[in-house]
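2 protein chains.
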Amino acid sequence: MGDLRDEKKFVINFSAGPAKLPETVLRQAQKEMVDYQDTGVSVMEMSHRSADFSKILNTAEQNLRELLEVPDNYKVMFLQGGGTGQFSAVPFNLMKLKPGESNAAVFVFVLRALNLYMINLFPLHAPSNLTPLCSDFPAIPEPSTWNLNPEASYVYYCANETVHGVEFKTIPETNGVPLVCDMSSNILTRPIDVSKFGVIFAGAQKNIGCAGVTVVIVREDLLGHAMDLCPSIFNYQVQASNNSLYNTPPTYSVYIMGLVFNWIKGQGGVASMDRNSSVKSSAIYTVVEESEGFYCCPLDAACRSRTNLPFRIGSVEGNDALEKKFLEEATKAGYLQLKGHRSVGGIRVSLYNAVSVEEANLLAGFMRNFMAENRHLLDSPTQ
Amino acid sequence: MGDLRDEKKFVINFSAGPAKLPETVLRQAQKEMVDYQDTGVSVMEMSHRSADFSKILNTAEQNLRELLEVPDNYKVMFLQGGGTGQFSAVPFNLMKLKPGESNAAVFVFVLRALNLYMINLFPLHAPSNLTPLCSDFPAIPEPSTWNLNPEASYVYYCANETVHGVEFKTIPETNGVPLVCDMSSNILTRPIDVSKFGVIFAGAQKNIGCAGVTVVIVREDLLGHAMDLCPSIFNYQVQASNNSLYNTPPTYSVYIMGLVFNWIKGQGGVASMDRNSSVKSSAIYTVVEESEGFYCCPLDAACRSRTNLPFRIGSVEGNDALEKKFLEEATKAGYLQLKGHRSVGGIRVSLYNAVSVEEANLLAGFMRNFMAENRHLLDSPTQ
Numbered sequence: 002m003g004d005l006r007d008e009k010k011f012v013i014n015f016s017a018g019p020a021k022l023p024e025t026v027l028r029q030a031q032k033e034m035v036d037y038q039d040t041g042v043s044v045m046e047m048s049h050r051s052a053d054f055s056k057i058l059n060t061a062e063q064n065l066r067e068l069l070e071v072p073d074n075y076k077v078m079f080l081q082g083g084g085t086g087q088f089s090a091v092p093f094n095l096m097k098l099k100p101g102e103s104n105a106a107v108f109v110f111v112l113r114a115l116n117l118y119m120i121n122l123f124p125l126h127a128p129s130n131l132t133p134l135c136s137d138f139p140a141i142p143e144p145s146t147w148n149l150n151p152e153a154s155y156v157y158y159c160a161n162e163t164v165h166g167v168e169f170k171t172i173p174e175t176n177g178v179p180l181v182c183d184m185s186s187n188i189l190t191r192p193i194d195v196s197k198f199g200v201i202f203a204g205a206q207k208n209i210g211c212a213g214v215t216v217v218i219v220r221e222d223l224l225g226h227a228m229d230l231c232p233s234i235f236n237y238q239v240q241a242s243n244n245s246l247y248n249t250p251p252t253y254s255v256y257i258m259g260l261v262f263n264w265i266k267g268q269g270g271v272a273s274m275d276r277n278s279s280v281k282s283s284a285i286y287t288v289v290e291e292s293e294g295f296y297c298c299p300l301d302a303a304c305r306s307r308t309n310l311p312f313r314i315g316s317v318e319g320n321d322a323l324e325k326k327f328l329e330e331a332t333k334a335g336y337l338q339l340k341g342h343r344s345v346g347g348i349r350v351s352l353y354n355a356v357s358v359e360e361a362n363l364l365a366g367f368m369r370n371f372m373a374e375n376r377h378l379l380d381s382p383t384q
Numbered sequence: 002m003g004d005l006r007d008e009k010k011f012v013i014n015f016s017a018g019p020a021k022l023p024e025t026v027l028r029q030a031q032k033e034m035v036d037y038q039d040t041g042v043s044v045m046e047m048s049h050r051s052a053d054f055s056k057i058l059n060t061a062e063q064n065l066r067e068l069l070e071v072p073d074n075y076k077v078m079f080l081q082g083g084g085t086g087q088f089s090a091v092p093f094n095l096m097k098l099k100p101g102e103s104n105a106a107v108f109v110f111v112l113r114a115l116n117l118y119m120i121n122l123f124p125l126h127a128p129s130n131l132t133p134l135c136s137d138f139p140a141i142p143e144p145s146t147w148n149l150n151p152e153a154s155y156v157y158y159c160a161n162e163t164v165h166g167v168e169f170k171t172i173p174e175t176n177g178v179p180l181v182c183d184m185s186s187n188i189l190t191r192p193i194d195v196s197k198f199g200v201i202f203a204g205a206q207k208n209i210g211c212a213g214v215t216v217v218i219v220r221e222d223l224l225g226h227a228m229d230l231c232p233s234i235f236n237y238q239v240q241a242s243n244n245s246l247y248n249t250p251p252t253y254s255v256y257i258m259g260l261v262f263n264w265i266k267g268q269g270g271v272a273s274m275d276r277n278s279s280v281k282s283s284a285i286y287t288v289v290e291e292s293e294g295f296y297c298c299p300l301d302a303a304c305r306s307r308t309n310l311p312f313r314i315g316s317v318e319g320n321d322a323l324e325k326k327f328l329e330e331a332t333k334a335g336y337l338q339l340k341g342h343r344s345v346g347g348i349r350v351s352l353y354n355a356v357s358v359e360e361a362n363l364l365a366g367f368m369r370n371f372m373a374e375n376r377h378l379l380d381s382p383t384q
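Quick mapping for you: the protein sequence lines, in order, are chains P and L. When we follow this note's numbering, the leftmost residue of the first sequence carries the number 2, and every step to the right adds one. When we follow this note's numbering, the leftmost residue of the second sequence carries the number 2, and every step to the right adds one.
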């Protein structure tokens, strides 16, 4: 068995999720794996009701509240099932907020999240009561065109869609209808005004930890309205009143998330993550913009994601041979997981919090070099 | 940062769950935490669709199939939500197996599991269609007294109840009605004939890993009958046809579980776990039996659990002062997590697979010493 200081080979992991974690977090988890703070046991082996684990759980909650400035009238829960689980949990908990079934309606953006959400939502009420809002071409429709039902139980949207790379830069105005937001892919990358939301949820495996734990933040007045059929592990009232301990929580994932919250605090908090996010995404988009068509990103700059940056090579339809070459050379050089989502192809760079400014700059340098060496192939008759 | 070979203080963790893991598993996880097999990344950082993680997932499934001799007409899934999640998933997936609502019925044993299960089951059909079977005093009713509805959609039971320490030693006969079993607390501690079951599920945090992943084994003919309202993460058909990758699985928990399966194979498989389980539980029960009333376990020997062994000191009602003293001295000596469940009090020894025969014998020795030193206090007027 080796020493903890062993060097590993150079890689930068740009995975869309599960994604890179801060190396200091992994080193601390490694050090504490067999014996957590002289308890003689691993965090994995601790009863979820033990004093040691309670401290881990409560400290994680406290740090998240501090980082996001969560108001006191919101509950914070750490649940299982990821964003896809919440696609069911949200309607089970909120559809009954308005009396009767007829006025339950939602409003959803962006194709992939919409599709997955709808699968879970449709059985719960008549499709005619939905107000889905999305476009074939990934973009955010003009707010003036939104035809929001003021009698809707809630409005759901996805703050950042990872496949096409579309991000909301402002919070939609819903005129009092509770707003539900999936923030899995941009939570803690920018300050947010939590008080504008009814429910915020986020799977941990992008910005805040490892897969298996889901952060759910709920305004207290929305608790206690769950449908009878709501599974108890998804019931916000039940979980909130049990401090996320109604059933055994994913204890080790909660611990890793807590380490990430500590790391973010040490880095200067959300304001610092926000600055880094701008610098990192600008580094990549600048290469695209200045590439004179070598790299193509069809998205309007106003809705371009800072955490998921998809682009093609040669044209908006892409060039399969050059994209394959790009991915092969990138992987060889240690730049990992840059392949676009299987539904759209091309290249995708994910720049979550654990990717440093320096690492984004290194990739930008690789992109410039690749362009210089391969531009002549774009017009080559063999392509 | 220390060396991986650092010694830690002597403790034995008898927690009821999350519970002890084999130290070799923790050491391997520690070694691979920052850099999994020279990939340059942690398992936590791997895309769930990457080749490296696919191999981890598929190997874990293959090893579990081998260990439990799972027939080919069964699907194996690794899901989120634990046993409590499956308390909802089971009725959502199976209630529609029989036509109409009237003949959906279940049959359940043992108080705590019954209570939790009922919370999730009642909203799904009329209580009058349930055939709950349990007794106030924890025990397994005589099979001849079971009034099983042959038109039930399925029969559910919990193979080992952790609070009172009641375990089924045989598989209930349901005459063709699909049998559903929660095996969280005794899976892989004894050979089972999987072909007798419709569904087997088990949270990992007792015998097979860390909290956050749930093993679900389903006979193929039971797939495809889910209610429209079934959350997609719980839909057996959806998850089975996506190889547990419909949504992001709890990747690191799957990895740890895979390490545990490897460890069990290396120890000689389920037959070896079964032998150890008998030896370990006998070591403790023998001390109780030979204690002349110092340690009391009111359960009938025929249904005593081999994995969760509850007992009292002095009488079946217990002796608060002596039990407190026992727990304090045990903790001081390194024997951890021996407090009985908060609903019943007393002492509880959990002997899952990762607790060795040697460790159970050490605890038996401690129990004998404590008895010798404290028997005089039982009749003391100060008690």
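We treat Cβ as the ideally placed atom computed from N, Cα and C, and that holds for glycine.
Chain L beta carbons: is any one of them nearer than 7 Å to that of residue i?
i, result
"residue 30(P)", "yes"
"residue 211(P)", "yes"
"residue 22(P)", "yes"
"residue 280(P)", "no"
"residue 234(P)", "yes"
"residue 128(P)", "Confidence is the limiting factor: at residue 128(P) the pLDDT is only 49, short of 50, which leaves the residue's position unreliable, though a coordinate-based value still follows. It does not: the Cβ of residue 128(P) has no partner Cβ on chain L nearer than 7 Å."
"residue 310(P)", "no"
Measure the Cβ-Cβ separation of residue i and residue j and say whether it is below 7 Å.
i, j, result
"residue 304(L)", "residue 201(L)", "no"
"residue 16(P)", "residue 338(P)", "yes"
"residue 347(L)", "residue 299(L)", "no"
"residue 250(L)", "residue 79(L)", "yes"
"residue 308(L)", "residue 190(L)", "yes"
"residue 284(L)", "residue 365(L)", "yes"
"residue 1(L)", "residue 352(L)", "Beyond the ends of chain L as shown, which are 2 and 384, falls residue 1(L); an answer cannot be given."
"residue 271(P)", "residue 58(P)", "no"
"residue 248(P)", "residue 341(L)", "no"
"residue 218(P)", "residue 77(P)", "yes"
"residue 21(L)", "residue 46(P)", "yes"
So with Cβ pairs under 7 Å, would you call residue i a contact of chain P?
i, result
"residue 183(L)", "no"
"residue 99(L)", "no"
"residue 36(L)", "yes"
"residue 376(L)", "no"
"residue 45(L)", "yes"
"residue 27(L)", "yes"
"residue 9(L)", "yes"
"residue 12(L)", "yes"
"residue 89(L)", "yes"
"residue 16(L)", "yes"
"residue 223(L)", "no"
"residue 82(L)", "yes"
"residue 41(L)", "yes"
"residue 190(L)", "no"
Looking only at its own chain, which residues have a Cβ that is under 7 Å from the Cβ of residue i, when we skip the five neighbours before and after it?
i, result
"residue 19(L)", "206, 211, 212"
"residue 280(P)", "358"
"residue 97(P)", "226, 228"
Which residues in the same chain have their Cβ closer than 6 Å to the Cβ of residue i, if we skip the five residues on either side of it in sequence?
i, result
"residue 160(P)", "169, 182, 184, 187"
For residue i, I'd like the list of residues in its chain whose CB is within less than 8 Å of its CB, leaving aside the five on either flank, ordered along the chain.
i, result
"residue 345(L)", "164, 165, 311"
"residue 99(P)", "105, 152, 153, 154"
"residue 288(L)", "296, 365, 368, 369, 372"
"residue 42(P)", "36"
By the 8 Å beta-carbon criterion, what residues does the segment 243–255 of chain L contribute toward chain P? 247, 248, 249, 250, 251, 252, 253, 254
Query raised in the report: For the segment 331–357 of chain P, which residues have a CB atom closer than 9 Å to at least one CB atom of chain L, in sequence order?
Result: 335, 337, 338, 343, 355
Q: Pull out every residue of the segment 47–72 of chain P whose Cβ sits closer than 9 Å to any Cβ of chain L, in chain order.
A: 47, 48, 49, 50, 51, 54
Please give the ranges of any beta strand (DSSP E) in the segment 195–283 of chain P, keeping only runs that are unbroken, at least 3 residues long and fully inside the region.
200–204, 215–220
Item checked: Within the segment 284–337 of chain L, ranges of the alpha helix (DSSP H) (whole runs, at least 4 residues) -> 321–334
(message) Quick check for students: name the residue ranges of the alpha helix (DSSP H) that lie wholly in the segment 136–180 of chain P, counting only runs of 4 or more.
(response) none
Along the segment 195–208 of chain P, what residues have a CB closer than 9 Å to any CB found in chain L?
204, 206
Cβ-based contacts, 9 Å cut-off: residues of the segment 149–165 of chain L near chain P: none
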